[in-house]
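Read top to bottom, the protein sequences are chains W and V.
Residue 1 is where the first sequence starts when you use the UniProt record's numbering, and the numbers rise one by one after that.
Residue 1 is where the second sequence starts when you use the UniProt record's numbering, and the numbers rise one by one after that.
Everything below concerns the one structure shown next.
Number of protein chains: 2
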Amino acid sequence: MKFATLANGSLDGQLLVVSRDLQRAIAVPRIAPSLLDAMQRWAAVQGPLQDVYDQLDAATAPEGSFAFDPAACAAPLPRAPQWLDGSAFLNHSHLMDQAFNKPPPPMVDTVPMMYQGASDDFLGPCDDVPLPSEADGIDFEGEFGVVTGPVPMGVTPEAALGCVRLLLQINDWSLRALGPHEMKTGFGFLQAKPSTAFAPVAVTPDELGPAWRDGRVQLRLQVQWNGERFGEPHGGEMSFHFGQLIAHAARTRRLTAGCIIGSGTVSNAARSAGSACIAERRVIEKIDQGESRTGFMRFGDRVRMQAVLDDGQPGPFGVIDQRVVHAQP
Amino acid sequence: MKFATLANGSLDGQLLVVSRDLQRAIAVPRIAPSLLDAMQRWAAVQGPLQDVYDQLDAATAPEGSFAFDPAACAAPLPRAPQWLDGSAFLNHSHLMDQAFNKPPPPMVDTVPMMYQGASDDFLGPCDDVPLPSEADGIDFEGEFGVVTGPVPMGVTPEAALGCVRLLLQINDWSLRALGPHEMKTGFGFLQAKPSTAFAPVAVTPDELGPAWRDGRVQLRLQVQWNGERFGEPHGGEMSFHFGQLIAHAARTRRLTAGCIIGSGTVSNAARSAGSACIAERRVIEKIDQGESRTGFMRFGDRVRMQAVLDDGQPGPFGVIDQRVVHAQP
Numbered sequence: 001m002k003f004a005t006l007a008n009g010s011l012d013g014q015l016l017v018v019s020r021d022l023q024r025a026i027a028v029p030r031i032a033p034s035l036l037d038a039m040q041r042w043a044a045v046q047g048p049l050q051d052v053y054d055q056l057d058a059a060t061a062p063e064g065s066f067a068f069d070p071a072a073c074a075a076p077l078p079r080a081p082q083w084l085d086g087s088a089f090l091n092h093s094h095l096m097d098q099a100f101n102k103p104p105p106p107m108v109d110t111v112p113m114m115y116q117g118a119s120d121d122f123l124g125p126c127d128d129v130p131l132p133s134e135a136d137g138i139d140f141e142g143e144f145g146v147v148t149g150p151v152p153m154g155v156t157p158e159a160a161l162g163c164v165r166l167l168l169q170i171n172d173w174s175l176r177a178l179g180p181h182e183m184k185t186g187f188g189f190l191q192a193k194p195s196t197a198f199a200p201v202a203v204t205p206d207e208l209g210p211a212w213r214d215g216r217v218q219l220r221l222q223v224q225w226n227g228e229r230f231g232e233p234h235g236g237e238m239s240f241h242f243g244q245l246i247a248h249a250a251r252t253r254r255l256t257a258g259c260i261i262g263s264g265t266v267s268n269a270a271r272s273a274g275s276a277c278i279a280e281r282r283v284i285e286k287i288d289q290g291e292s293r294t295g296f297m298r299f300g301d302r303v304r305m306q307a308v309l310d311d312g313q314p315g316p317f318g319v320i321d322q323r324v325v326h327a328q329p
Numbered sequence: 001m002k003f004a005t006l007a008n009g010s011l012d013g014q015l016l017v018v019s020r021d022l023q024r025a026i027a028v029p030r031i032a033p034s035l036l037d038a039m040q041r042w043a044a045v046q047g048p049l050q051d052v053y054d055q056l057d058a059a060t061a062p063e064g065s066f067a068f069d070p071a072a073c074a075a076p077l078p079r080a081p082q083w084l085d086g087s088a089f090l091n092h093s094h095l096m097d098q099a100f101n102k103p104p105p106p107m108v109d110t111v112p113m114m115y116q117g118a119s120d121d122f123l124g125p126c127d128d129v130p131l132p133s134e135a136d137g138i139d140f141e142g143e144f145g146v147v148t149g150p151v152p153m154g155v156t157p158e159a160a161l162g163c164v165r166l167l168l169q170i171n172d173w174s175l176r177a178l179g180p181h182e183m184k185t186g187f188g189f190l191q192a193k194p195s196t197a198f199a200p201v202a203v204t205p206d207e208l209g210p211a212w213r214d215g216r217v218q219l220r221l222q223v224q225w226n227g228e229r230f231g232e233p234h235g236g237e238m239s240f241h242f243g244q245l246i247a248h249a250a251r252t253r254r255l256t257a258g259c260i261i262g263s264g265t266v267s268n269a270a271r272s273a274g275s276a277c278i279a280e281r282r283v284i285e286k287i288d289q290g291e292s293r294t295g296f297m298r299f300g301d302r303v304r305m306q307a308v309l310d311d312g313q314p315g316p317f318g319v320i321d322q323r324v325v326h327a328q329p
């Protein structure tokens, strides 16, 4: 199934079921008003939602359906119980350690790194990104993520994979000038992580077919900055799978239905794949060419992200297409 | 005004207005079903809630009111949009740097340290605390906190004080064996911070009279571990006031109504005040006596926390009284 959320001024927005080809959508207020509500009552709503989805893909569009407009969408979950973002592509972690000029953390290859992000105010796929200053080092981070059902404390990585309900595509906005200080405090990212953005469509894992395999989203993430190719790293190189990330998050506490777990920046060992964030390109430039040449984003800049199949066909999440703007005080 | 939340199985619980003397309470479903809802519609509900509060304090208890039972309470906000915990008592920060054997972070005296905690699954004042292992170094942290209204990005510390809607008393459960690794990653606390607990009663700042002054809760926090005195540090020694903490949190993003900002462990320079967490006592023992003698909590142990006025009278938040238990897998 494919879901989106119409921005309607409410905190959780209006749940939409979206057709397989992302062309049509329908609201289902009698089944569930919002995607968060559906996550919280999944056993009761899963069947009825599947029926609507099947009808939406039939030859005759059902009454009440309309053309799907990603620009009218909020994040699939405009707010979530938790937003926990890993750094599961160790290629990226190792490069970033060089960028921050710090030794690799202990156990970096065996224990996932993960930070707790704000989850009350996510951005939609085409929302402007208001930020206070270009001097903060404005950067995007292309990621994949999952939405969980309820997860018991102490879940195993294998059992945790069974808690995955939906897959997501994410732009984890970052302010690189603020990160190093917050890392040095040991308390983690806070000002360095403004509101995170999401592609319009959340999908059940079966929608990916063989591209959901080994607990990883096996798609390339095409990233363009101001219309130019920036990278298209492949999600299959994730060093920890999503079950491992969920189990890490639930080691000392349970998770409630609707929690979002992110992969961290998609990153490949092959230089030809490019990068999914500017910071990584900058450190590669430093390593390969002696100095960082690429600057961070300016107000007015745009970033576009879209997952694609190995044959280049568009993936199921739709497109993130955002512009950075100067926040008005 | 004084508010509490009856645990009724729903995610946000049932809002109660509590009498000034904490003896009686009344549900107000026609005004607001939950405290989170009241925070989100504060301008509309503040007056009607004040009317109910005034009636509750009148000589004749209004129809529908009942004896207030803290043990039936959830946290005042069982879930909140964000939970951001500072470390605003620098006496504690400086001691803890010694405990973690690390140099003080840069700008520690001028920039508050703050981590983002999980906010989807708080514990009530008398809830058992299920944890997986005594080996994790189970510890309490007695704190004060505030609930904010909507806070714009870039708010000044002075304007941020005007965003304070409610005051809280908090027990920020911590697992000390897991903290140092998570600090070393730079990504901050996650497994080291299981679900946080709250005293039953949230109060508007006017309830404290002169004990809400300079953006600080000017009360002592009495802490008992298994019935024995552990400390009673005073909230007035907070090095950053709550307006500064809120402004720090909102530097690069707005906050939505209902966010909770914590003070970090209440801590005083005078050794005679004792401590509000075991980790601090342990490092004081190490400094003053050459080694840490006090161990962390065992399953079955209890902690009790209550704010008191300078004359020893109970403060307005009620009592946190919790027992640590072994989480069942």
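We put the beta carbon where it would ideally sit given N, CA and C, even for glycine.
Just so it is clear, the structure is predicted and the values come from calculations on it, not from any experiment.
Could you check if residue i is buried or exposed, using at least 16 other CB atoms within 10 Å of its CB as the buried criterion?
i: residue 63/W; result: exposed
i: residue 143/V; result: buried
i: residue 169/W; result: buried
i: residue 253/V; result: buried
i: residue 125/W; result: buried
i: residue 210/W; result: exposed
i: residue 206/V; result: exposed
i: residue 70/V; result: buried
i: residue 85/W; result: buried
i: residue 313/V; result: exposed
i: residue 68/V; result: buried
i: residue 270/V; result: exposed
i: residue 103/W; result: exposed
i: residue 229/W; result: exposed
i: residue 282/V; result: buried
i: residue 204/V; result: buried
Can the beta-carbon of residue i be found less than 8 Å from the beta-carbon of residue j?
i: residue 49/W; j: residue 31/W; result: yes
i: residue 72/V; j: residue 7/V; result: yes
i: residue 325/V; j: residue 129/V; result: yes
i: residue 157/V; j: residue 244/V; result: yes
i: residue 219/W; j: residue 235/W; result: yes
i: residue 239/W; j: residue 89/W; result: yes
i: residue 320/W; j: residue 171/W; result: yes
i: residue 202/V; j: residue 164/V; result: no
i: residue 5/W; j: residue 75/W; result: yes
i: residue 3/V; j: residue 35/V; result: yes
i: residue 305/W; j: residue 221/W; result: yes
i: residue 349/V; j: residue 175/V; result: Nothing can be reported for residue 349/V: it is not among the residues displayed for chain V, which extend from 1 to 329.
i: residue 247/V; j: residue 261/V; result: no
i: residue 51/W; j: residue 20/W; result: no
i: residue 322/V; j: residue 197/V; result: yes
i: residue 160/W; j: residue 318/W; result: no
i: residue 184/W; j: residue 132/V; result: no
Review point. Does the stretch 115-122 of chain V come close enough to the stretch 72-82 of chain V to have 3 or more Cβ pairs within less than 8 Å?
Key: yes
Review point. Taking a cut of 9 Å between CB atoms, which residues from the stretch 111-126 of chain V lie near chain W?
Key: 111, 113, 114, 115, 116, 117, 118, 119, 120, 121
**Study point:** Length at least 4, wholly inside the stretch 176-222 of chain W: the alpha helix (DSSP H) runs in chain order
**Key:** List check, alpha helix (DSSP H) in window: 179-185.
Exercise for review: Scan the stretch 252-263 of chain V for residues whose Cβ lies nearer than 9 Å to a Cβ of chain W and list them as they occur along the chain.
Suggested key: 252, 253, 254, 255, 256, 258, 259
Review point. Quick one: any contact between the stretch 87-101 of chain W and the stretch 17-32 of chain W, if contact means 3 or more CB pairs under 8 Å?
Key: no
Exercise for review: Return the residues of the stretch 177-196 of chain W that lie within a Cβ-Cβ distance of less than 9 Å from chain V, sorted by chain order.
Suggested key: 178, 179, 180, 181, 182, 183, 184, 185, 186, 187, 188, 189, 190, 191, 192, 193, 194, 195
Check your understanding: So does the stretch 284-298 of chain W actually touch the stretch 152-163 of chain W, counting three or more Cβ pairs closer than 8 Å?
Key -> no
Check your understanding: Going along the stretch 63-97 of chain W in order, which residues come within less than 8 Å of chain V, judged by CB to CB distance?
Key -> 79, 81, 82, 84, 87
Point to revise | the stretch 132-148 of chain V / the stretch 271-284 of chain V touching (three or more Cβ pairs under 8 Å) | key: yes
Practice item. Any chance you could list the beta strand (DSSP E) runs of at least 3 consecutive residues sitting entirely within the UniProt domain "Fumarylacetoacetase N-terminal" (1-79) of chain W, in chain order? Key: Fully enclosed beta strand (DSSP E) runs of 3 or longer: 2-6, 14-18, 24-27.
Exercise for review: Give, in chain order, every residue of the stretch 127-148 of chain W whose Cβ lies closer than 8 Å to some Cβ of chain V.
Suggested key: 130, 131, 132, 136
Point to revise | Residues within the stretch 158-175 of chain V neighbouring chain W, beta-carbon criterion of under 8 Å | key: Close to chain W, meaning a Cβ-Cβ distance shorter than 8 Å, are the following residues of the stretch 158-175 of chain V: 175.
Check your understanding: In chain order, which alpha helix (DSSP H) runs of at least 4 residues are fully inside the stretch 89-157 of chain V?
Key -> Entirely contained in the stretch 89-157 of chain V, the alpha helix (DSSP H) runs reaching 4 residues are, in chain order, 90-99.
Review point. Using 8 Å as the Cβ pair cut-off and three pairs as the minimum, do the stretch 177-190 of chain V and the stretch 186-206 of chain W touch?
Key: yes
Point to revise | Residues within the stretch 221-252 of chain V neighbouring chain W, beta-carbon criterion of under 8 Å | key: 248, 249, 251, 252
Review point. Can we say the stretch 30-45 of chain V touches the stretch 290-302 of chain W, given the rule of at least three CB pairs closer than 8 Å?
Key: no
Check your understanding: Quick one, which residues of the stretch 286-313 of chain W are near chain V if we go by CB-CB under 8 Å, in chain order?
Key -> none
Check your understanding: Quick one, which residues of the stretch 20-37 of chain V are near chain W if we go by CB-CB under 7 Å, in chain order?
Key -> none
**Study point:** Sequence ranges, alpha helix (DSSP H) only - wholly within the stretch 284-308 of chain V, length at least 4
**Key:** Here no run is fully enclosed.
Practice item. With 9 Å as the limit, tell me which residues of the stretch 43-54 of chain V have their beta carbon closer than that to any beta carbon of chain W; keep them in chain order. Key: none
Check your understanding: For the stretch 4-15 of chain V, which residues have a CB atom closer than 8 Å to at least one CB atom of chain W, in sequence order?
Key -> Within the stretch 4-15 of chain V, the residues whose Cβ lies closer than 8 Å to some Cβ of chain W are 11, listed in chain order.
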